[in-house]
Structure formats: structure tokens, C-alpha cells
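Enquirer: In the working numbering, the protein residues as written are 79 to 477.
Where is the CB? At the ideal position from N, CA and C, for every residue including glycine.
As the structure is a computational prediction, the values presented were derived from the model and not from experiment.
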Amino acid sequence: MPTAVPTHRNDEFHRGQVPTDQIASGTDTSGYVPVANGSGGVAWAAQSGGSDRAAASTTPAAVGTGAVGTGTTDARADHVHATGAGTPVTQAFGDAAATGTGPAAAMTDHKHGMPSLPSGVGARVYNNAAFSVAASTETAITFNTERSDSDALHSVSSNTSRMTIPSGKDGRYIISGAAEWAASALGTLRRLSIRLNGSTYIAKTELTSIINAALPQDVSTVYDLVATDYVELVAFQDTVGAVNLQASGNYSPEFAVGMVAASAGGGGGLGAWTTDTPSWTTSGTAPAIGNGVLTARYKALDANTYLYYLNFTAGSTTTFGTGTWSFSLPFTSVASRSQVMVGWILDAGTDNKLAVANITGGSTSIAQVTPEGGNVVDNGTPQTWAVSDQLTLSGMIEV
Numbered sequence: 079m080p081t082a083v084p085t086h087r088n089d090e091f092h093r094g095q096v097p098t099d100q101i102a103s104g105t106d107t108s109g110y111v112p113v114a115n116g117s118g119g120v121a122w123a124a125q126s127g128g129s130d131r132a133a134a135s136t137t138p139a140a141v142g143t144g145a146v147g148t149g150t151t152d153a154r155a156d157h158v159h160a161t162g163a164g165t166p167v168t169q170a171f172g173d174a175a176a177t178g179t180g181p182a183a184a185m186t187d188h189k190h191g192m193p194s195l196p197s198g199v200g201a202r203v204y205n206n207a208a209f210s211v212a213a214s215t216e217t218a219i220t221f222n223t224e225r226s227d228s229d230a231l232h233s234v235s236s237n238t239s240r241m242t243i244p245s246g247k248d249g250r251y252i253i254s255g256a257a258e259w260a261a262s263a264l265g266t267l268r269r270l271s272i273r274l275n276g277s278t279y280i281a282k283t284e285l286t287s288i289i290n291a292a293l294p295q296d297v298s299t300v301y302d303l304v305a306t307d308y309v310e311l312v313a314f315q316d317t318v319g320a321v322n323l324q325a326s327g328n329y330s331p332e333f334a335v336g337m338v339a340a341s342a343g344g345g346g347g348l349g350a351w352t353t354d355t356p357s358w359t360t361s362g363t364a365p366a367i368g369n370g371v372l373t374a375r376y377k378a379l380d381a382n383t384y385l386y387y388l389n390f391t392a393g394s395t396t397t398f399g400t401g402t403w404s405f406s407l408p409f410t411s412v413a414s415r416s417q418v419m420v421g422w423i424l425d426a427g428t429d430n431k432l433a434v435a436n437i438t439g440g441s442t443s444i445a446q447v448t449p450e451g452g453n454v455v456d457n458g459t460p461q462t463w464a465v466s467d468q469l470t471l472s473g474m475i476e477v
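Right under this line is the structure:
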């Protein structure tokens, strides 16, 4: 160990150094530093690490996952870590959250690109002339003019009554039609229906005729359709002769379809549906679904609106309880007003009826279902419920 000749004044030390003339001749001081010895003199102590450390000369790593590090040189005081300079990705509708794999920290003012809304799929058509409906005949209404048609769903030259789903556009569709019956002194019934693929009726609405009065009428539903499926607006009346549907304004006769959500692999939708398992309750004795089916699905259309679909199918062990039926919802409806959903009730092998469901303001349930003809659905209304009977409801609900 080197020795120092203590012939200096203490104030001659500056920044931990000993004047060179106070160090014994020939002394090797590398790896040592002078320290006070407590009696006014100087002693030598080994420097921590054994020798001076070199400063790093490599570029600091980009910011990433925390780590102890393996470098053997000291960082320079003015070193700078890199931040990410790449363009942030544009998210797609339905993308899941992800941690990311980028090696650098994002700049604080970075921006992600916003995807454009998917283009809508749908069409609206009309007939610019009166359309004659023969007595007691289910008649598909034809349409000779298009207001809009995104994907050639309709043709004005062939099968002009049809809206046909094109390839790649499988999904859930809102389907609606409207017409105004000319005044007639005969008959008691006017009906509009939506028919699928020429044979299956998926929605109906009926009016009782008023003598010598024009009668506007509309029908709508929500239904899953796939490529080559087609729907038609069908009219029926029970007079002894033909009755016209009037060509009036922008509402008669009119027919429209529009996709609200795509199926997996389909185009134009806004993402996946969420499955719901609703609770079924009654105001009296509790029901039990048994081996029946009670399913629902919903999808947010925006921050305050959901599309909701419910299906109930009775099984052989289903028991129907007593009193008014109600079904739970997965969200709370807007408090300021009541809302309705539409649907139909199937009495298997016998009949089907239209139905309207009521949702009171600020509610988490469908409070009651009313079939055509009045009263509310219970174990004996509108029929004695049995195996394969169904209740289907759909509509948009504001929350």
C-alpha cells in the first residue's frame, strides 16, 4: 500500500486528491484513493471495484420490459433511450385487446388510426303504380323501382317481388314493408306478411277492414339470412273481388331490408353477438324450462342502443307456472320511457299470432307479452302451452 508523507495542510486537499509532492517517491497509486486517517493525516484505501470503470460507448437500449441488465461499463450521464418511431396500427372493429410486442416505448403524442365504418348492406324498393291484390289469395307484391340497393339484392327485370341475399353477406337483417289499401265496401280482413324462400312466413300483421276507408299497414321483423335466401312482402284480403294497394308518397307500397350484424365470415357487420341466458319468471307459481330451450342474444349498435333477440321453445318436461310471464334483460332500459319489442307466438301445428312485449322505463326485464287479441301471455294464454310451442321476440332497446 502507498504511503503519504503528512507534511501538508488539510486545506491542500481538493476533491480527494493528494498533492503529488506529498506522495513518496516511486509509489504506485493505481487502484487507491486517499482518505483521512482521523488524526490529521492521510491513509490509502483500495478504490471500490479495484480500478477506475470505463464509460459505456454503445447506444442505450430502447425502452422495454424491465430488466436488471448485464452491462459491465457505466452509463454516461447524458445517455438517451430510444422511443418508438413507427406509425401506430389502425384498429379494426372487433379487435381484441393485446399487450403488444414492440421493443420501444410509445411517444406520448402518438395516435392510432380509426377504421372507417363498414359499408351498409341493404336495399329499399317501391312500386310507382297501384298494385292489384286478388280476393282470398296470398299475393307477393312486385316492385318496379329502387330507392337504393347496395349489393344487387333486387332486380327490376326478373323476380321483382324478391330481395335476395348475395354471396358473402350472411347475417342478421331488419326486414320491413308498408302499403296502403284502397277504400273498399267489402271484406273484413287485410293482411301483410313477410315470406321467406316462397313458403315460410316469418312475420304477419292483420287489420280489420273499415268500410270505404283507406287503410295504411306495415310489417317488420329481424331475421338471420344466408346467401340465396330471398324474402317477399305478401298481401292478402278477403273481399269478393280485387282491392288495390295504392301508390302513395314514399310509403306505399314499399319494401326494405338492411343488415344489422354479419355472421362469422360475412361482410358489413359491426362484430360478434353476445349470448344471454335470460331468467323466466311468472307472477304466480314458478315455471321451469325443463328440456325446453330459452336463449337470447344481444349486440350494441351504439353506446345507448342494443339489438336484442329472444327465443322460447317448450319441451316435453317444461312446466309453465301460473300468472304473467316475464324475462330478464342483461341491461337496464332507459328510465325516461317505456319501450316495446315485436314477435310472434307459435301454437305448434295449429296457428301463430303476433305479439308485443312491454319494457317499462328503468327496467331489467320484459315485463309482459301481449298477443294479438289482447290479454297477456300466461300458462293458458293465448293457448294452452305444450311441447314445441314457441315465443320469439326481437327489437332495439335503448339503455
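Just the Cα atoms here: how many angstroms apart are I289 and W358?
Expert: Their Cα atoms are separated by approximately 43 Å.
Enquirer: By alpha-carbon positions, which one of V420, P449, T355 ends up nearest to I253?
Expert: For the residues V420, P449, T355, the minimum Cα distance to I253 belongs to V420.
Enquirer: Are the beta-carbon atoms belonging to S214 and Q315 less than 9 Å from one another?
Expert: Yes; because the gap between Cβ atoms is below 9 Å, this pair is in contact.
Enquirer: By the three-class DSSP mapping on this structure, what secondary structure does L264 have?
Expert: In the structure shown, L264 sits in coil (DSSP, three-state: anything other than H, G, I, E or B).
Enquirer: For F409, which residues does DSSP report across the bridge?
Expert: In DSSP, F409 forms no bridge with anything.
Enquirer: Counting C-beta neighbours from all protein chains within 10 Å, is the total for I318 16 or more, i.e. buried, or is it exposed?
Expert: Sequence check: residue 318 is Val here, not Ile. Answer is exposed; the Cβ neighbour count stays below 16.
Enquirer: When we look at the beta-carbon of V189 and count the other beta-carbons within 10 Å, is it buried (16 or more) or exposed?
Expert: According to the sequence displayed, residue 189 carries Lys and not Val. Per the 10 Å Cβ criterion, exposed.
Enquirer: From the DSSP secondary-structure annotation, give me the bridge partner or partners of S326.
Expert: DSSP lists S330 as partners of S326.
Enquirer: Considering only C-alpha positions, which residue in the set I272, T470, D227, D156 is nearest to F405?
Expert: Here the closest residue by C-alpha is T470.
Enquirer: To the nearest whole angstrom, what separates the beta carbons of T355 and E476, a pair I think is in contact under 8 Å?
Expert: Not quite, the Cβ-Cβ distance comes to about 22 Å (not below 8 Å), so this is no contact.
Enquirer: Please identify the residue among G370, Y387, R415, L407 whose C-alpha is closest to the C-alpha of G393.
Expert: Nearest option by C-alpha distance: G370.
Enquirer: Do you know offhand how far S443's Cα is from Q417's?
Expert: In a straight line, the C-alpha of S443 is about 11 Å away from that of Q417.
Enquirer: Is S233 helix, strand or coil when you go by DSSP?
Expert: Three-state result, S233: coil.
Enquirer: Rounded to whole angstroms, what's the CA-CA distance from R375 to S414? Just pull it up for me.
Expert: Going from the Cα of R375 to the Cα of S414 covers about 24 Å.
Enquirer: Helix, strand or coil for G343, going by three-state DSSP, please let me know.
Expert: Any reading at G343 must be qualified, since the residue scores a pLDDT of 42, below 50, and its modelled position is unreliable; the value itself is stated next. Reduced to three states, the DSSP call for G343 is coil.
Enquirer: Taking the alpha-carbon of T479 as reference, which of W259, A230, T373 has the nearest alpha-carbon?
Expert: Here the chain covers residues 79 to 477 and nothing more, so residue 479 does not appear.
Enquirer: Just the C-alpha distance for N88 and D187, rounded to the nearest angstrom, thanks.
Expert: Here the model assigns N88 a pLDDT of 47, short of 50, so the residue's position is not dependable and the matter cannot be decided.
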